[in-house]
Every structure is written in structure tokens, then in C-alpha cells.
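Numbering-wise (UniProt numbering), the sequence shown opens with residue 1 and increments by one.
Where is the CB? At the ideal position from N, CA and C, for every residue including glycine.
Note that the coordinates shown come from a computational prediction; the quantities given were computed from them, not determined experimentally.
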Amino acid sequence: MENTVEHLRVDGARLWESLMEMAQIGATPAGGCNRQALTDEDRQGRDLFARWCGEIGCEIRMDKMGNIFARRAGSEELPPVMTGSHLDTQPTGGKFDGVYGVLAGLEVLRTLEQNQIKTRAPLEVVVWTNEEGARFSPAMIGSGVWAGEFSLEYGHTRTDKAGRTIGAELQRIGYLGDMPAEAQPVTAAFEAHIEQGPILEKQEQVIGVVTGVQGIRWYDVTFHGTPCHAGPTPMEDRRDPVQALSLLCEKLYAQVKAFSVDARMTCGDLRAEPGSRNTVPEKVVLALDLRHPQPEGLEHLHQSLQQLVKEVERATGTRIEVREEWHSPPVAFNEDCIAAVDRAVRALGYSHRKMVSGAGHDSVYVSRVAPVSMIFVPCAGGLSHNEAESAEARHLEAGCNVLLQAMLDRAGV
Ligand code: HGY
Ligand code: MN
Ligand code: MN
Ligand code: MN
């Protein structure tokens, strides 16, 4: 049996078809996907995934955070070898971020079913709830509750901008499971994902053997000013929060760039209140995302923010509040799982390199309770969180072959 397993390959065309069918759900006119967490589109995607898993005899369970576990029985009662990712997207997301990891996992199960191969340990493909953190903050909350990072109560009470809670939305779309959202023993876990950056494509490598994930810190920075009339109020009489925000961003961008080529700063969401063109705002709220691969680097960025806030308050006479929304420290993945991916890549003969993930993934929280590593494939121009996100079928197939072999390596046959 051993040698046939080594020569087993997934069906790349079937994987591509499933990706394109899933991409129809929440499809946007510009060719991307808007399937935000717990929307009707997310429900449709979940329903389609569950139907596909049912077709190959998987047992499907759901927990209280709406995480979906599709299990293919093994020949022995062992903790499962897990894979999966997320089906939710950014508002202007693409066809592959998250979805690829879910459907690559499904393709592994389809391939084993088709070849009547039974693994010793059961295999499980997981859909984690709200990985993106676009509709509900913070990101990766489904896997975060499962791994014990957040309480179920915290997870259920997170709200979107319209004040709807995760708990109510899970109920509304019919994905509020009754299984506790608590980690069970796992033999090993792997997540296949597009790189969402330019390295593999630039270096013409097919596979990224992912050794860890960089650290992330999210803040809500609120700049308080004095609302007044846009016309009669002289510039020097104003306490304008937009002026404070632009001064802070200018200084912080400069410090981040000067500090390290690996440092990241993003201001992806801004809102002014009351939001009238001819009233100087009372306040401006900035959703800030800082990242760095090392803990001390992330701490340096955190300190720079605190210190610049004080400087800008003095310079503009405004009050600035910094509230930390989320802190996901850098993660190093499990050496045995990294080695399993490495063995698979070499046996398959794909070009490859080791790398750290710039994006956060559910594997960050899974790694708190299980041995984990990830498999990256290139995406065009390194673009993601963008409707033009694209990847080549041959690369997606290669990554899925690596996933198959790495899972077999850990599950046994
Ligand atoms: O923000 C991230 O890195 C992930 O895509 N949620
Ligand atoms: Mn993702
Ligand atoms: Mn993403
Ligand atoms: Mn992600």
C-alpha cells in the first residue's frame, strides 16, 4: 500500500472547478468575491461545502462558533489529522484567500475516497468562522474561541457596524452548532493558502514551506477635536482631529519605514463624526494594523505609536485615545509538521522555500493546541484582499498534492 500512496495525486481540474463554483457565491462585478462572515452568501458557501462533503460520506459537525468539522473516518480511533481554512472573504476579496485551503482539503478527501484508501487516523476538513475580521473584529475569532484564546461569550457578542452580533447571525443563518467550541486532541494540522504576497512568484518557486506567522496588533485610534463651522472658523482657532490624524500618520509611516523592511503599517478603515463636509469633525476613528515577524519588533512599533501620540497631542491641542483591539504575537509552527511538508515537497519535486507568513491565519490559533504548519502557493503579483486576486491551477494543484502527502505522512495508511 505504501508505494501507491506515494504516487497518489489529486485531481487539479476538479479542484479548480470547485473553486470556480464556490466563487460564484458572492461574486462581484469586478470578478472578486464578497462573502463576508455570517452573511447569506457565507451561508450559501457553507451549505455548498457541506453538500460536497456529504457526497463523499463525511460526518459533518458544527460547534457553537459555527466552525464546521467534516470528518472522514480512519481505520483507528486516533485524534484526527486536520486541515481547512475559511470561506468568509473581505468585502472586496478574491476567489482563493481561505477558500483554497478549504477546497484543497475537500480534494484530498475526494482523492482518497476515489482510490478507496483509508488512513489510520481520521481526517478532518474545517471551515473556521470569521477568519477575516472584516465584518466582525477581531480576525480569526472562530479558531480563537476553539483554541481557548477568547471565551464563547466574547465570540458571540462581537458586533458588526450595524450592531448585529455573531451569536445572532449564527442563529439567523442556521450555523449555531451545539458542539462546544473547544479544542479536541489533534494529531497534526495543515493549512494550504495562497501566499498573498510577492515572494514565491518573484523567486519562481511553486511551494512555500511556512515556518510561522508574523505578529499583528490592531488598534482603534480616536482623535478628538472641536466641531465647528467650516466657513467662519479661522484655521488657527480650530482643534481639527483630521489634522492630528494626518500628522500622526505621516510621522508613524516614516518611523515604520525607517525601522525595518519587515515592519508593516496599514490604515484600512477611517471614519469621521458627525461626517458632514461643512463641519470640522468632532472625532475621527482610525482602525490601525501594525505587524512585525519578531516580538521585539512588534513591541518597538507599539512604543513608537504611544510616543508619537503624545507628540501630536501637544502639537495640535487635540486629545488622542489609543485602544488596543487585538494582539496576535508572532507564531513558530511545529517542526515535525514543517518536516512533513518539506518531505512531501521534495518527494513531489516542486521548487520551494521556507518562509514566514505576512498574513494571519486560523493556523495561528490552531497552533496553540496542536502541531501545525502551512503550505503556500503563489498568487499573481502577490495580490490579495483585492478582487483581482488570482492563482494558477497548476500551482493550486501542486499545493494540494503537498497537502495530501503531508496529511498521509501524519495520518498513516
Ligand atoms: O489580516 C490578516 O492577515 C488575515 O487575512 N485575516
Ligand atoms: Mn485567509
Ligand atoms: Mn484574508
Ligand atoms: Mn488570513
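Alpha carbon to alpha carbon, how far is Leu170 from Met65? Give it in angstroms, no decimals. Near 8 Å, if we compare the C-alpha coordinates of Leu170 and Met65.
Taking CB distances under 8 Å as the criterion, tell me whether Val210 reaches chain D. Note that chain D does not occur in the displayed structure, where there is just one protein chain.
How far does the beta strand (DSSP E) with Arg343 in it extend, from its first residue to its last? For Arg343, there is no enclosing beta strand (DSSP E); the enclosing alpha helix (DSSP H) has its first and last residue at 335-348.
When the Cα of Phe150 is compared with those of Arg120, Ala134, Ala183, Leu308, which residue comes out closest? Check the Cα spacing between Phe150 and each of Arg120, Ala134, Ala183, Leu308: the tightest is with Ala183.
Tell me whether Cys53 sits in a helix, a strand or coil according to DSSP, three-state version. Three-state DSSP puts Cys53 in a helix.
Following a CB-centred definition, is Glu41 positioned closer than 7 Å to any heavy atom of ligand 3? No, the beta carbon of Glu41 sits no closer than 7 Å to any heavy atom of ligand 3.
Which value, in whole angstroms, describes the spacing of the CA atoms of Arg410 and Gly317? In a straight line, the C-alpha of Arg410 is about 60 Å away from that of Gly317.
Between Thr266, Val186, Ile338, Thr233, which has its C-alpha nearest His385's C-alpha? For the residues Thr266, Val186, Ile338, Thr233, the minimum Cα distance to His385 belongs to Thr266.
Let's see if you can read the secondary structure: which residues bound the alpha helix (DSSP H) around Leu270? Not the alpha helix (DSSP H): Leu270 falls in the beta strand (DSSP E), residues 264-273.
When you measure from the CB of Glu321 to every non-hydrogen atom of ligand 1, does any distance come out below 7 Å? Checking every heavy atom of ligand 1 against the Cβ of Glu321, none is found closer than 7 Å.
So, Thr83 versus Met355, is the Cβ gap smaller than 8 Å? No, the pair does not count as a contact, with Cβ atoms beyond the cut-off.
As assigned by DSSP and simplified to three states, the class of Glu2: Note on Glu2: pLDDT 48, under 50, position unreliable in the model; the coordinate value appears next. It is helical.
Which same chain residues end up closer than 8 Å to Glu204 when comparing Cβ atoms and leaving out the 5 residues on each side of it in sequence? The answer, listed in chain order, is Ser351.
Could you check if Ala139 belongs to the surroundings of ligand 1, using beta carbon to heavy atom distance under 7 Å? Yes, since a heavy atom of ligand 1 falls inside the 7 Å radius drawn around the Cβ of Ala139.
Residue nearest to Asp97 in terms of C-alpha spacing, selected from Met179, Ala263, Val402, Ile375: Nearest C-alpha to Asp97: Ile375.
Any chance the segment 187-205 sits against the segment 235-255, with 3 or more Cβ pairs inside 8 Å? No contact exists between the segment 187-205 and the segment 235-255.
Limits of the unbroken alpha helix (DSSP H) element including Asp409: First-last of the alpha helix (DSSP H) with Asp409: 393-411.
Beta carbon nearer than 5 Å to a non-hydrogen atom of ligand 2: Residues flagged by the Cβ proximity filter: Asp97, Gly98.
Per DSSP, what are the beta-bridge partners of Arg319 in this structure? His224, per the DSSP bridge assignment.
Indicate, with yes or no, if ligand 3 has a heavy atom lying under 7 Å from the CB of Gln90. Answer for Gln90: yes, Cβ within range of ligand 3.
Can you give, in chain order, each stretch of the alpha helix (DSSP H) that sits fully within the segment 184-230 and has at least 4 residues? Contiguous alpha helix (DSSP H) elements confined to the segment 184-230 occur at 199-202, taking only those with 4 or more residues.
Do you know whose CA, among Pro185, Val99, Met140, Asp362, lies nearest Glu389's CA? Restricting attention to Pro185, Val99, Met140, Asp362, the CA atom closest to the CA of Glu389 is found in Val99.
If I measure Cβ to Cβ from Gly148 and keep anything under 8 Å in the same chain, skipping five residues before and after, which residues do I get? Once the five neighbours on either side are set aside, the close Cβ partners of Gly148 are Glu182, Ala183, Arg368, Val369.
Exposed or buried, what is Gly360 when buried is set at 16 or more other beta-carbons lying within 10 Å of its beta-carbon? With at least 16 other beta carbons inside 10 angstroms of its own, Gly360 counts as buried.
Verify whether the separation of the beta carbon atoms of Ile68 and Val5 is less than 8 Å. No; because the gap between Cβ atoms is not below 8 Å, this pair is not in contact.
Going by DSSP in three states, Leu247 sits in which element: helix, strand or coil? Three-state result, Leu247: helix.
Reducing DSSP to helix, strand and coil, say where Lys118 ends up. Of the three classes helix, strand and coil, the one that applies to Lys118 here is coil, per DSSP.
Three or more C-beta pairs under 8 Å: does that hold for the segment 270-279 against the segment 223-240? Yes, the segment 270-279 is in contact with the segment 223-240.
For Gln196, which residues from the same chain have a beta carbon less than 6 Å from its beta carbon, with the 5 sequence-adjacent residues on both sides left out? If we look at Gln196 and ignore the five residues flanking it on each side, its Cβ neighbours are Ala359, Ser384.
Just mark His7 as buried or exposed, buried being the case when its beta carbon has 16 or more other beta carbons within 10 Å. Within 10 angstroms of the beta-carbon of His7 lie fewer than 16 other beta-carbons, which makes it exposed.
Strictly by DSSP, which residues pair up with Glu59? Answer is Arg71, bridged to Glu59.
Given Glu397, which residues of its chain have a CB within under 7 Å of its CB, disregarding the five upstream and five downstream residues? Shown here for Glu397: same chain residues with a beta carbon closer than 7 Å to its own, the five before and five after excluded, namely Val10, Gly12, Leu15 in chain order.
From the DSSP output, in three-state form, read off Met140 for me. Three-state result, Met140: coil.
Would you tell me roughly how many angstroms separate the C-alpha atoms of Ser328 and Gln114, rounded to the nearest one? Approximately 40 Å, taken between the alpha carbons.
In or out: Gly54 buried (at least 16 other Cβ within 10 Å) or exposed? Exposure of Gly54 is indicated by the presence of fewer than 16 other C-beta atoms within 10 angstroms of its C-beta.
Just mark Ala37 as buried or exposed, buried being the case when its beta carbon has 16 or more other beta carbons within 10 Å. So Ala37 ends up on the buried side.
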